[in-house]
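Protein chains in written order, with my numbering: chain A, 6 to 455; chain B, 6 to 455. Backbone N, C-alpha and C define an ideal beta-carbon position, used for all residues, glycine too. A quick note: this is a predicted structure, and the numbers were derived from the prediction, not measured.
2 protein chains.
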Amino acid sequence: MKDLLFSWVERNRDWTLNVLEEYLKIPSVSATGEGIKEAQGFLLNLLNGLGFKTRLIETKGNSLVYAEFIVDETFKTILFYNHYDVQPAEPLDEWISPPFSLTERDGKLFARGASDNKGSLMARIAAIKAFIDEKVQPPVNVKFIIDGEEEIGSPNLSEAVENSKDLLKADLCIWENGSKDEEGRPEMILGCKGIVHAELKAEGGRQDIHSSLGTMIPNPSWRLVWALASLKDKDEKILIDGFYDEVIPLGDEEKEYIRHIPFDAEEKLKLYGLKEFILGLADKRLLLHHLSSPGLNICGLSSGYEGPGHKSIIPKEAWVKLDFRLVPDQKPEDILRRLRAHLDKHGFHDIKIENAGGYPPARTDVNHLFVRLVAEATKEVYGKDPIIYPWMAASGPMYLFTQRMPCVSAGVGNPESNIHSPNESIYIEDLFQGVRHIIQIMIRLRTTTD
Amino acid sequence: MKDLLFSWVERNRDWTLNVLEEYLKIPSVSATGEGIKEAQGFLLNLLNGLGFKTRLIETKGNSLVYAEFIVDETFKTILFYNHYDVQPAEPLDEWISPPFSLTERDGKLFARGASDNKGSLMARIAAIKAFIDEKVQPPVNVKFIIDGEEEIGSPNLSEAVENSKDLLKADLCIWENGSKDEEGRPEMILGCKGIVHAELKAEGGRQDIHSSLGTMIPNPSWRLVWALASLKDKDEKILIDGFYDEVIPLGDEEKEYIRHIPFDAEEKLKLYGLKEFILGLADKRLLLHHLSSPGLNICGLSSGYEGPGHKSIIPKEAWVKLDFRLVPDQKPEDILRRLRAHLDKHGFHDIKIENAGGYPPARTDVNHLFVRLVAEATKEVYGKDPIIYPWMAASGPMYLFTQRMPCVSAGVGNPESNIHSPNESIYIEDLFQGVRHIIQIMIRLRTTTD
Chain A
6 MKDLLFSWVE
16 RNRDWTLNVL
26 EEYLKIPSVS
36 ATGEGIKEAQ
46 GFLLNLLNGL
56 GFKTRLIETK
66 GNSLVYAEFI
76 VDETFKTILF
86 YNHYDVQPAE
96 PLDEWISPPF
106 SLTERDGKLF
116 ARGASDNKGS
126 LMARIAAIKA
136 FIDEKVQPPV
146 NVKFIIDGEE
156 EIGSPNLSEA
166 VENSKDLLKA
176 DLCIWENGSK
186 DEEGRPEMIL
196 GCKGIVHAEL
206 KAEGGRQDIH
216 SSLGTMIPNP
226 SWRLVWALAS
236 LKDKDEKILI
246 DGFYDEVIPL
256 GDEEKEYIRH
266 IPFDAEEKLK
276 LYGLKEFILG
286 LADKRLLLHH
296 LSSPGLNICG
306 LSSGYEGPGH
316 KSIIPKEAWV
326 KLDFRLVPDQ
336 KPEDILRRLR
346 AHLDKHGFHD
356 IKIENAGGYP
366 PARTDVNHLF
376 VRLVAEATKE
386 VYGKDPIIYP
396 WMAASGPMYL
406 FTQRMPCVSA
416 GVGNPESNIH
426 SPNESIYIED
436 LFQGVRHIIQ
446 IMIRLRTTTD
Chain B
6 MKDLLFSWVE
16 RNRDWTLNVL
26 EEYLKIPSVS
36 ATGEGIKEAQ
46 GFLLNLLNGL
56 GFKTRLIETK
66 GNSLVYAEFI
76 VDETFKTILF
86 YNHYDVQPAE
96 PLDEWISPPF
106 SLTERDGKLF
116 ARGASDNKGS
126 LMARIAAIKA
136 FIDEKVQPPV
146 NVKFIIDGEE
156 EIGSPNLSEA
166 VENSKDLLKA
176 DLCIWENGSK
186 DEEGRPEMIL
196 GCKGIVHAEL
206 KAEGGRQDIH
216 SSLGTMIPNP
226 SWRLVWALAS
236 LKDKDEKILI
246 DGFYDEVIPL
256 GDEEKEYIRH
266 IPFDAEEKLK
276 LYGLKEFILG
286 LADKRLLLHH
296 LSSPGLNICG
306 LSSGYEGPGH
316 KSIIPKEAWV
326 KLDFRLVPDQ
336 KPEDILRRLR
346 AHLDKHGFHD
356 IKIENAGGYP
366 PARTDVNHLF
376 VRLVAEATKE
386 VYGKDPIIYP
396 WMAASGPMYL
406 FTQRMPCVSA
416 GVGNPESNIH
426 SPNESIYIED
436 LFQGVRHIIQ
446 IMIRLRTTTD
């Protein structure tokens, strides 16, 4: 069966490339709203044509495309999470070929969305078409949930998933995208950190005041600085009471996976133009700290006079944009409550918390049978053990799925895919390897009796 | 003699007003360079006509106007410091009458520079013309040094004064301007705080980096926050080693003068739209702290993303604009050296000090005979004891003069003069009282045998 299906992949390269080419022509930029309806129509049409039952899930924003191919109610079900929206293509003059026209060059396919996330979705659709064309009964039920607002933070996904709980029921979620590392090893990501965004604001007089009065009038910049310094010390320890209480220490398997993640400190320092990492660390202990620790980051600071030269004022206000990165089992609402309590406890009643929001971390049990099966399928297709990230340092709405089922990333990217940047691309061969990967995962999932 | 001279003031109101009107027509805005040469020519011509020896003192910027009227080498000499430049008149649409056209309204004279500083200079010139017209030998030698860059921070004054030491030799300096307070009491200011401007800068990667790496990559915003919090604590204590070492405690007379300065805490809070002052103080202790303490103020802070919404980055840099306010005998070079030592001692070698500069505080001995004489002359003309500020909280280049002689402010302003703002004005009667004030100071100075 596998050989037949894999040979389909070879025999139908043109079909796969042609459909991907049409899909990439649609400039479905969620930031501008362009091409959104067109992309929805394209996917509904394509998946309908393959025999899927499809529908749009309406939200306050761009609708989600839902499609299901139920083979047998007793079979396991895979849920593919993807998104049809893309980042804006700007700056356009840095593209070697037009962003919304698939161009082949040096064994690569260039276009906005080639990797993030249209190529990876195409691999999944092609995998299913292989079964259909070869009249092999798919060994699992398949569902697609295709987001139209991932690139603007999926503001309506949570509500849509909550309202479509039954529809989205499945045994395994394959996350939107994935990548090989620098040495061609496939990465498998099982979760991600959560995030809390918040702004802290300190207010002073009704306008800026001459700084000669600084020995009399409270300065909101100083208030903010003192409040911030009370939140995290120079050893990166977050000083909010109970902040670490819900952190579940990494299990031995998770630590073991992290130890296997390649990490070249020197190269990373060079890449970012840095002299050193935090805490004086530069080895696997840094990586372990990085992935296992929650964080508190300053994204932006502003107060008073920011022009050239000097202006002697007490600013009328000062604010900071923060983000917390959460690890299992920290929850945004706890963090925000504790932040407020901390500020009050330390005498910063005057400092307001504004524009706060976020979502929890996502974790898949690394010992889950399906995680092992996907890892085996990956090794079978790629010929290499996957690099397993118990979770990634970045944040995403994966928690909506990991709350209900194991979740594993898979995709056709590579470290030079330039996602979110000009000249986004994937390797042609990675696309077809990606198709085989999905076929193999489906086959593997059938063989389980879990 | 006094009566004759004072009657000259009344008989020559039109002359004084007409000359001031011509002078105020010149838009001598140092920020733009407009009208500078014209103002110089006007003053040289006017003072020459009165019998002064005049010259321009060249600098790298706008020349200073120097004029002297030496009556007798054995007489005491008064040096008047003034400036012929004015603040820009913008925003123009907020002026009720055109800024560069003297307009009389409700007993007031409106024009840019009416108070700061053309009106006060006019009072001084008219006082001397009284002696000349009435053929009364002036009882003191008179020198004028008239700055053309005061409104842009007098960047070349220090060098000019240093190069003209002998020319500017005098026994008493009368500072550029002065004001009555809300209850019509004349203020006398004997000095001012010094200032140090500096920017602190922390640098990170070569560009902003995704904030998910915040548990690995040092954040320059945090470095800056920690460095700032190490400089001053929540009790407003500046934590730099030796910072207070050169502070000379206030003398009993100085404290007594400060106790006599009117201070209405409630009214000030209302004015600025504040709930409270620093340190929980709201009485004369606050004023004493305010005037006697050096300060460290944040004028501006900037780092990373400052637009709307969230952007999850580790900023590539962070900086702060600081100003220190110095009291006698603190020196800018000591403060900057100690600041660097503090940062190094606390592990902030990475934080750079940039664009640093400043000047020392200015102090006149409150017990100096000439201070007493000016105070007496003031009471004689205004009928009220002056409010004496041992020094003011603001900073200025007065130290260039207090290093060599006692220095006392005098002028024709009032609390609603709107200096630096639209609709700048003085009361007509204050102008003539100002002329009499200068005449009386000159007469008083003659009577001393010091």
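Interface partners of residue i on chain B, CB under 9 Å
i	result
V252 of chain A	Under the 9 Å cutoff, chain B gives no residues; its nearest Cβ is about 13 Å from V252 of chain A.
G278 of chain A	G209, G210, R211, Q212, K321
Close beta carbons around residue i, own chain, < 6 Å, minus the five adjacent residues each side
i	result
N456 of chain A	Residue 456 of chain A lies beyond the range of chain A shown here (6 to 455); nothing can be said about it.
Q92 of chain A	E156, H425
A382 of chain B	Q445, I446, R449
Q212 of chain A	K321
K459 of chain B	Any question about residue 459 of chain B goes unanswered here, given that chain B covers just 6 to 455.
P420 of chain A	E187
Closer than 8 Å at the beta carbon, the chain A residues around residue i
i	result
F282 of chain B	M221, I222, P223
G309 of chain B	I303, C304, G305, L306, K326
K515 of chain B	Look at the range of chain B in this structure, 6 to 455, and you will see that residue 515 of chain B is not part of it.
K275 of chain B	Here the premise fails: no neighbours, minimum Cβ distance about 10 Å.
Length of the line joining the Cα atoms of residue i and residue j
i	j	result
I222 of chain A	E208 of chain B	30 Å
K174 of chain A	I448 of chain A	20 Å
E27 of chain A	H88 of chain A	16 Å
P395 of chain A	S235 of chain A	31 Å
N50 of chain B	K148 of chain B	16 Å
L405 of chain A	I179 of chain A	13 Å
E99 of chain B	H215 of chain A	21 Å
I356 of chain A	A346 of chain A	11 Å
A116 of chain B	L436 of chain B	14 Å
A323 of chain A	L306 of chain A	8 Å
L341 of chain B	G363 of chain B	10 Å
K198 of chain A	A36 of chain A	24 Å
P366 of chain A	P333 of chain A	6 Å
P402 of chain A	F353 of chain A	32 Å
N302 of chain A	K237 of chain A	10 Å
G118 of chain B	L97 of chain B	14 Å
Residue from the options whose Cα sits closest to the Cα of residue i
i	options	result
I424 of chain A	A:V14, A:D90, A:E15, A:R18	A:D90
L10 of chain A	A:D98, A:I41, A:F136	A:F136
P411 of chain A	A:L195, A:S235, A:K321	A:L195
D370 of chain A	A:L97, A:I253, A:N182	A:I253
A270 of chain A	A:I283, A:K350, A:V440	A:I283
H294 of chain A	A:R330, A:S159, A:S307	A:R330
Y277 of chain B	A:L276, A:G153, A:L218, A:Y86	A:L218
I443 of chain A	A:L177, A:G112, A:A203	A:L177
V413 of chain A	A:V376, A:H351, A:K170	A:V376
G418 of chain A	A:N53, A:T407, A:S430, A:R409	A:S430
Residues of its chain near residue i, where Cβ-Cβ distance is below 7 Å and the 5 sequence neighbours each way are ignored
i	result
G247 of chain A	R343
K316 of chain B	Y310
E63 of chain A	none
Contacts of residue i in chain A (Cβ-Cβ under 7 Å)
i	result
N302 of chain B	S216, G219, N224, I319
A234 of chain B	V230, W231, A234
A323 of chain B	L306
R330 of chain B	S217, G219, T220
H2 of chain B	Chain B is shown only over 6 to 455; residue 2 of chain B falls outside these bounds and no answer can be derived.
Within chain B, partners of residue i - CB distance below 8 Å
i	result
A399 of chain A	H215, S217
L291 of chain A	M221
Check: residue i C-beta below 7 Å from any heavy atom of the ligand FAD
i	result
S400 of chain B	Looking for the ligand FAD in the displayed structure turns up nothing, as the structure carries no ligands at all.
Residues near residue i in its chain [Cβ-Cβ closer than 8 Å; skip 5 each side]
i	result
K384 of chain B	D390, P391
Just list the alpha helix (DSSP H) runs in the region 209-289 of chain B, keeping only unbroken ones of 4 residues or longer that don't cross its boundaries, in chain order.
Listed in chain order, the alpha helix (DSSP H) elements of length 4 or more contained wholly in the region 209-289 of chain B are 225-236, 257-264, 270-277.
Only counting runs of 4 or more residues, tell me where the alpha helix (DSSP H) segments fall wholly within the region 10-80 of chain B, in order along the chain.
Within the region 10-80 of chain B, the complete alpha helix (DSSP H) runs of at least 4 residues are 18-29, 41-54.
Taking only runs that begin and end inside the region 85-118 of chain B, name each unbroken alpha helix (DSSP H) of 4 or more residues, in chain order.
As far as the region 85-118 of chain B is concerned, it has no whole alpha helix (DSSP H) run of at least 4 residues.
Output the residue ranges of the beta strand (DSSP E) runs that lie fully inside the region 298-339 of chain B and measure 3 residues or longer, sorted by chain position.
For the beta strand (DSSP E) assignment, the uninterrupted runs of no fewer than 3 residues enclosed by the region 298-339 of chain B are, from N- to C-terminal side, 300-309, 322-331.
Runs of 4 residues minimum, wholly inside the region 390-426 of chain B: which ones carry the alpha helix (DSSP H) assignment?
Within the region 390-426 of chain B, the complete alpha helix (DSSP H) runs of at least 4 residues are 404-407.
With a floor of 4 residues, list each alpha helix (DSSP H) that falls wholly inside the region 114-154 of chain B, ordered by position along the chain.
Entirely contained in the region 114-154 of chain B, the alpha helix (DSSP H) runs reaching 4 residues are, in chain order, 125-138.
Counting only runs of 3+ residues fully inside the region 356-395 of chain B, write out the beta strand (DSSP E) ranges in chain order.
With a minimum length of 3 residues, the continuous beta strand (DSSP E) runs that stay inside the region 356-395 of chain B are 357-364, 392-394.
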